[in-house]
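Protein chains in written order, with the numbering used here: chain A, 1 to 290; chain B, 1001 to 1285; chain C, 2001 to 2346. From the three backbone atoms N, C-alpha and C, an ideal C-beta is built for every residue, glycine too. Only one structure is covered here, and it is reproduced in the block below.
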Amino acid sequence: MSKHEQFSEKLGKSLIFIFASISLLILLSIVFFIFRDGFLAFKENGFFHFIFGHDWNVQDNTFSVLPLIVGSLVVTIGALLFSVPIGFSCAVFLAEIAPEKVRNIVKPAIDILVGIPSVVFGLLGMILLVPYIRDHYGGPGLSILAAIIVLILMILPTIIAQAEDSIRSVPSSFKNASLAMGATHLQTIWNVILPCAKSGLVSSVMLASGRAIGEAMAIYMVIGNTFTFPKSLIDPSRTLTSNIVGQIEEAAVGGTHLHALFGCGLILLFIVFILNSYSFFIKRRGCRSC
Amino acid sequence: MLTKNSQQNIVWSILWAITILLMIVLLLLIGYVFVKGAPEMKLSFIFGPTTNGGLMTPIVGTLYLTIMTLIFLIPLSVGTAVYLSEYAEQNWFTEFVRYSLTSLAGIPSIIFGLFGVALFVMIWFKKASIIAGSLTLTCLSLPFMVATTEEAIRSIPKAWREASYGLGATKWYTIIHVVLPNATSGILTGVIMSIGRVIAETAPLLATVGFSAFLPVSPMDGTRTLALHLFYLATEAPTVGGLTRNDLLSQAMAVGTVLIILIILLNFLAKLIFNHFNQKVRGFK
Amino acid sequence: MFKRNKILSVIVGIVAILGIASFMVPSNALTATAKTTIELWLNKPQAKVNGETRWIDDTNHSVTPISKWGRTLLPVRFISENFGLVTLWDAKESKVTVMQGGELAGTISEAGSTSVLPLAEKFALAFMKKHPKVRISYTGGGTGAGIKQSAGGTVDIGAASRDLKISEPDLMVHAIARDGVAIIVNKGIGITGLTIDQLGKIYAGQVTDWKDVGGKSGKINVYTREEGSGTRDTFQSMVLDPAGLKMSPACLAKKSNGEIQMSVQSDPNGIGYVSFGYTEGVKGLLLNGKEPTIENVKNGSYPISRRLYFLTKHNDNLLVQAFIAFCRSDEGQKIVSQEGYIQLAD
């Protein structure tokens, strides 16, 4: 090795090492900031009051988030209730039934839909959905129903794309064996393919629910942002994310207000973490049984 | 009692119907955006100054922000990926880095917005600016970009590296001349998808990139991206000046049209590069 | 709160700068003649500019021309600004600079309230057109960010849509416009006015049906601004605080004037509060019997109004002072009324 080579070898290695360290530093600082400021929110407002109270007042400096948690969960679960069955049906259709031609059109379309900015969906919800709900079901139109429908449309492409991948990744020998034993295609799908693709399907749902609970802009535009518990589908409410969207600019000066928003972020993170762990757990089990 | 076949036929037709219905609904929605936006799609609107209602600042701002983000993102993510795949030993530390990267990939983007406010806007640059926004987006895209790059590097056959070592090349030489050139297409695909995120994200930029309608010059200036501008048009109303609420909404639709077209183009580009990459690898095998 | 500087200077200085050849001194009035005529009277706080009467300083009515050492001393800012000149005051050196515009160059950065944004943009555009070497940037972020960033020196000018609170940093406050807050409802609602008391009860959630305030029966959909908004603070302090009420959590919160206008326009049971500029397509309610008009704000009978401010640090630079002087000049105030706000001097 010449001196020059030795030098560039060392330089290269240290460069790579520096970049990797910066990345790690970024990761750590994100975690550090969210936890530090988030914990401050719990400390300043009292742990139980912050989670279980329902007042949010910047002037009085009191913050608590129960309506937000309820809002986030209701909207996410509502969206999943509809988008999971629809999404799985489409995925089965695309992977197993659809002729190649149909698939070649639908699949790229879905890939594009995954990437469409959420503000576009929010705008459509604002213009088409909100007036419709107000005129036909009453209330201000801005409602959890509007948020749920917008979310369904937003997360469906994600579910379909992921679920289709996992269905297609089931080895064709499984399918052929089942068909050879006289089972119909439908029975094969139901009894062999879907159970085998289970871990992939579950992680598609988890991915979608992560996207649903973390979605901010589209929900902000249609949910109405009252600080109340929704009593019916046409009631407005507020989610953890829409709360942050609404107040992040005015809170961007620090202090208890910003801490409270970080508190919302921390709770959001905690929910996402539970979802991820569950999906991780299912994946492990899926590996063993299949 | 239905026969198995007719049962299957019923299920099949239901699946056909659901998929077709869904596609129709989604296409109608996209079509609605296009139809509503089309009358506004004039050159004077797209390239007009934003202080007169044009799209010049959002377009320049999106470009500026994209380029700044890539300047930070590419070296960081490629460096990290090379470290993880070529240098790092398999120990708890490497696992920890990898684990934190995967968990970060699932964090809602609005949380990155909070982080950007707390670190970049409040501590580093003291104001919302392009540089604060692009650093926020860098953090947002980093986990995904590292994963894509690492995957591209790992898919390079081990034999190629060994051949390089066998010819007496150093590790660094091998990385620069064998590993990275062959991972280029994979890295490019990741870059294009990151660009897609920069274009589509709004939440992390709300309080980090400023809201300026003026053309940005220095990285400390504020600007707005197309998606942010859409949000502004959809939620703000004209004071006076002859524009009505509906004018602004159709302008918002026009911005939506531009965004959707951009996303389609990026998707197309990603696919081209992906195919190119696949062919190359297959050719060598 | 106002720290605008009153500078008395010898008229001879001004005349020298302007190159005005002669001036007459009638018995007790002093008139300078040129394209612009300004008439001032000793010990009188009002002057005439081209025949129009106006306050020498609209925020301090005790500023008058005075006589000292056998000389007549005039407020230099009033004189020079009406002649289209820029007057700068450097507090550190106690120095007055009077400049004829045209050679200004440099950059000004502004940040703050998104409600001030449209107006600030128009100011900046007009100023940059006049002085092509000047570049002005504006970033949003809200009133709080504007205060913090101008106090910290990150930006030259902070924009605020409300008064500063006692707890906030001590800054130079320059009013740039006045603004009324209109109470708007959907055009289909059969009522024409509310009292402040009724309005407070609606926003506190104590009155929830239109029939309780004289309309036809229907649940009121109350729209408000998000926490931290300057307009919300104004509304809170002028409507709710005097009655000891708190804003109900069931109000639908919006980020901007425009969003509230749009919601109320399409919601048959909606009520909201917005800047005067945002009343197109909706009905502005009479408040305590007073119509939400610019005249009623001017004569003080309309109850909810506020000022919009530019904030600077004490040691502000000359370019920034020139810009703020422009905003407050006749030319700048013309932009104010074009944008639907209310001029300061009125």
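(request) Taking only the alpha-carbon atoms, compute the straight-line gap between A:Cys90 and C:Tyr2302 and give it to the nearest angstrom. (result) Start at 1 with the first residue of the first sequence, and residue 90 of chain A comes out as number 90. Start at 1 with the first residue of the third sequence, and residue 2302 of chain C comes out as number 302. Linking A:Cys90 to C:Tyr2302 through their CA atoms gives a straight-line distance of about 60 Å.
(message) Against chain A, which members of the segment 1061-1080 of chain B pass a CB distance test of less than 8 Å?
(response) If the cut-off is 8 Å between Cβ atoms, the segment 1061-1080 of chain B has Pro1075, Leu1076, Ser1077, Val1078, Gly1079, Thr1080 near chain A.
(request) State buried or exposed for C:Met2247, treating a residue as buried only when at least 16 other CB atoms are found within 10 Å of its CB. (result) Position 247 of the third sequence, counting from 1, holds the residue named residue 2247 of chain C. By the Cβ neighbour-count rule, C:Met2247 is buried, with 16 or more other Cβ atoms within 10 Å of its own.
(message) Residues of chain A with CB closer than 8 Å to the CB of B:Lys1004, please, in chain order.
(response) Residue mapping note: residue 1004 of chain B aligns to position 4 of the second sequence, counting from 1. Per Cβ cutoff of 8 Å: Thr184, Leu186, Gln187.
(request) Just list the beta strand (DSSP E) runs in the segment 2248-2272 of chain C, keeping only unbroken ones of 3 residues or longer that don't cross its boundaries, in chain order. (result) Fully enclosed beta strand (DSSP E) runs of 3 or longer: 2252-2254.
(request) Let me know if C:Lys2201 comes out buried or exposed under the rule of 16 or more other beta-carbons within 10 Å of its beta-carbon. (result) The count along the third sequence starts at 1 and reaches residue 2201 of chain C at position 201. Label assigned to C:Lys2201: buried.
(message) Contact criterion: CB-CB distance below 8 Å. Does B:Phe1115 meet it with respect to chain A?
(response) By one-based count along the second sequence, residue 1115 of chain B stands at place 115. Judged by the 8 Å Cβ criterion, B:Phe1115 is in contact with chain A.
(request) Measure the alpha-carbon distance for C:Glu2081 versus B:Phe1034 and round it to whole angstroms. (result) In the third sequence, residue 2081 of chain C corresponds to position 81, counting from 1. In the second sequence, residue 1034 of chain B corresponds to position 34, counting from 1. Straight-line measurement puts the Cα of B:Phe1034 at about 51 Å from the Cα of C:Glu2081.
(request) Sort out for me which residues DSSP pairs C:Arg2071 with in a bridge. (result) Numbered from 1 along the third sequence, position 71 holds the residue referred to as residue 2071 of chain C. For C:Arg2071, which the question treats as bridged, DSSP gives the partners C:Lys2068.
(message) Taking the alpha helix (DSSP H) that A:Asp37 belongs to, which residues open and close that run?
(response) Within the first sequence, the letter at position 37 stands for residue 37 of chain A. Note, A:Asp37: alpha helix (DSSP H), 3-45.
(message) Spatial neighbours of B:Leu1135 within its chain, please: C-beta separation below 6 Å, excluding the five flanking residues on both sides.
(response) Here the question's residue 1135 of chain B lines up with position 135 in the second sequence. Taken in chain order, the residues that qualify are Phe1120.
(request) Report the three-state DSSP secondary structure of C:Thr2053 (helix, strand or coil). (result) For the purposes of this step, residue 2053 of chain C is taken as residue 53 along the third sequence, with counting starting at 1. Taken through DSSP and simplified to helix, strand or coil, C:Thr2053 comes out as strand.
(message) If I follow the unbroken alpha helix (DSSP H) through B:Phe1093, where does it start and stop?
(response) Counting from one through the second sequence, the residue named residue 1093 of chain B turns up at place 93. That run of the alpha helix (DSSP H) goes 1092-1105.
(request) Return the bridge partner residues of C:Lys2310 from the DSSP annotation. (result) Here the question's residue 2310 of chain C lines up with position 310 in the third sequence. Reading off the sequence, residue 2310 of chain C comes out as Phe, not Lys. BP columns for C:Phe2310 point to C:Ala2159, C:His2174.
(message) Please classify A:Gln6 as buried or exposed, where buried requires at least 16 neighbouring CB atoms within 10 angstroms.
(response) Sequence index remark: in the first sequence, residue 6 of chain A carries index 6 (1-based). Its Cβ having fewer than 16 others within 10 Å, A:Gln6 is exposed.
(message) Going by the DSSP bridge assignment, what does C:Trp2089 pair with across the sheet?
(response) The sequence position of residue 2089 of chain C within the third sequence is 89, counting from 1. Per DSSP, C:Val2096.
(request) Could you list which residues in chain C have their beta carbon closer than 9 Å to that of B:Thr1235, in chain order? (result) For the purposes of this step, residue 1235 of chain B is taken as residue 235 along the second sequence, with counting starting at 1. Taking a Cβ-Cβ cut-off of 9 Å, the neighbours of B:Thr1235 in chain C comprise Lys2254, Lys2255, Ser2256, Gly2258, Glu2259, Met2262, given in sequence order.
(message) Let me check one thing: in DSSP terms, what residues is C:Gly2180 bridge-paired to?
(response) To locate residue 2180 of chain C, count along the third sequence from 1; it is residue 180. BP columns for C:Gly2180 point to C:Ser2305.
(request) Spatial neighbours of C:Asn2269 within its chain, please: CB distance less than 8 Å, with the 5 preceding and 5 following residues excluded, ordered by chain position. (result) Within the third sequence, numbered from 1, the residue matching residue 2269 of chain C stands at position 269. Around C:Asn2269: Asn2186, Ile2189, Trp2210, Gly2218, Lys2219, Ile2220, Asn2221.
(request) Identify whether C:Ala2047 lies in helix, strand or coil by the three-state DSSP scheme. (result) Walking along the third sequence from the start, residue 2047 of chain C turns up at place 47. If DSSP states are grouped into helix, strand and coil, C:Ala2047 belongs with the strands.
(message) Using the Cβ count rule (16 or more neighbours within 10 Å means buried), how would you classify B:His1229?
(response) Taking the second sequence and counting its residues from 1, one reaches residue 1229 of chain B at position 229. Buried.
(request) On a CA-only basis, which of A:Val70, A:Ser23, A:Phe281, A:Val92 is nearest A:Leu186? Give me that one, please. (result) Start at 1 with the first residue of the first sequence, and residue 186 of chain A comes out as number 186. Per the Cα distances, A:Val92.
(message) Restricting to Cα atoms, I'd like to know which of C:Leu2311, C:Leu2042, C:Ala2145 is closest to C:Gly2070.
(response) As a first step, residue 2070 of chain C is located in the third sequence; it is residue number 70 there, counting from the start. For the residues C:Leu2311, C:Leu2042, C:Ala2145, the minimum Cα distance to C:Gly2070 belongs to C:Leu2042.
(request) For C:Ser2170, count neighbouring C-beta atoms within 10 Å of its own C-beta (all shown protein chains included) and say buried if the count is 16 or more, exposed if not. (result) What you label residue 2170 of chain C is simply residue 170 of the third sequence in a count that begins at 1. Before going further, note that residue 2170 of chain C is Asp rather than Ser in the sequence given. Classification for C:Asp2170: exposed.
(message) Whole angstroms are fine: how far does the CA of C:Gly2258 sit from the CA of B:Val1209?
(response) Within the second sequence, residue 1209 of chain B is the residue found at index 209, counting from 1. Within the third sequence, residue 2258 of chain C is the residue found at index 258, counting from 1. Going by the C-alpha atoms only, they are around 21 Å apart.
(request) Determine the direct distance from the alpha carbon of B:Thr1102 to that of C:Phe2127, and round the result to whole angstroms. (result) Reading the third sequence from its first residue, position 127 is the one you call residue 2127 of chain C. Reading the second sequence from its first residue, position 102 is the one you call residue 1102 of chain B. In this structure, the CA atom of C:Phe2127 is about 50 Å from the CA atom of B:Thr1102.
(request) Could you confirm whether any beta carbon from chain A is found closer than 8 Å to the beta carbon of B:Ile1046? (result) The residue given as residue 1046 of chain B occupies position 46 in the second sequence. Cβ-Cβ to chain A under 8 Å: no for B:Ile1046.
(request) Kindly give me the distance between the Cβ atoms of B:Ile1067 and B:Leu1055, rounded to whole angstroms, as I take these residues to be in contact under 8 Å. (result) Against the second sequence, residue 1067 of chain B aligns to sequence position 67. Against the second sequence, residue 1055 of chain B aligns to sequence position 55. Not really, about 18 Å apart at Cβ, beyond 8 Å.
(message) What does the Cβ neighbour count give for C:Lys2313, buried or exposed, with the cut at 16 atoms within 10 Å?
(response) Reading the third sequence from its first residue, position 313 is the one you call residue 2313 of chain C. Answer is buried; the Cβ neighbour count reaches 16.
(request) Output, in chain order, the set of chain C residues within a Cβ distance shorter than 7 Å of A:Gln247. (result) As a working note, residue 247 of chain A is residue 247 in the first sequence. Under the 7 Å cutoff, chain C gives Glu2226, Glu2227, Gly2228.
(request) Please say whether A:Leu268 and A:Gly210 have beta carbons closer to each other than 8 Å? (result) Residue 210 of chain A sits at position 210 when you count from the first residue of the first sequence. Residue 268 of chain A sits at position 268 when you count from the first residue of the first sequence. Not closer than 8 Å, so no.
(message) Which residue marks the beginning of the alpha helix (DSSP H) containing C:Ala2111, and which one marks its end?
(response) Along the third sequence, read from residue 1 onward, the residue named residue 2111 of chain C stands at position 111. Not the alpha helix (DSSP H): C:Ala2111 falls in the beta strand (DSSP E), residues 2106-2112.
(message) Can you confirm whether A:Ile97, when its beta carbon is compared against all beta carbons of chain B, has any partner nearer than 8 Å?
(response) One-based indexing of the first sequence puts residue 97 of chain A at position 97. Judged by the 8 Å Cβ criterion, A:Ile97 is in contact with chain B.
(request) Taking only the alpha-carbon atoms, compute the straight-line gap between C:Leu2030 and C:Gln2100 and give it to the nearest angstrom. (result) In the third sequence, counting from the first residue as 1, residue 2030 of chain C sits at position 30. In the third sequence, counting from the first residue as 1, residue 2100 of chain C sits at position 100. Bear in mind that the predicted position of C:Leu2030 carries a pLDDT of just 45, short of 50, making it too unreliable to give a figure here.
(message) Tell me whether B:Asn1267, by its Cβ, gets closer than 7 Å to a heavy atom of the ligand COA.
(response) For the ligand COA, the structure offers nothing, since it holds no ligand at all.
(message) Using a Cβ-Cβ distance cut-off of 8 Å, determine whether B:Thr1202 contacts chain C.
(response) Position 202 of the second sequence, counted from the start, is the residue given in the question as residue 1202 of chain B. Cβ-Cβ to chain C under 8 Å: no for B:Thr1202.
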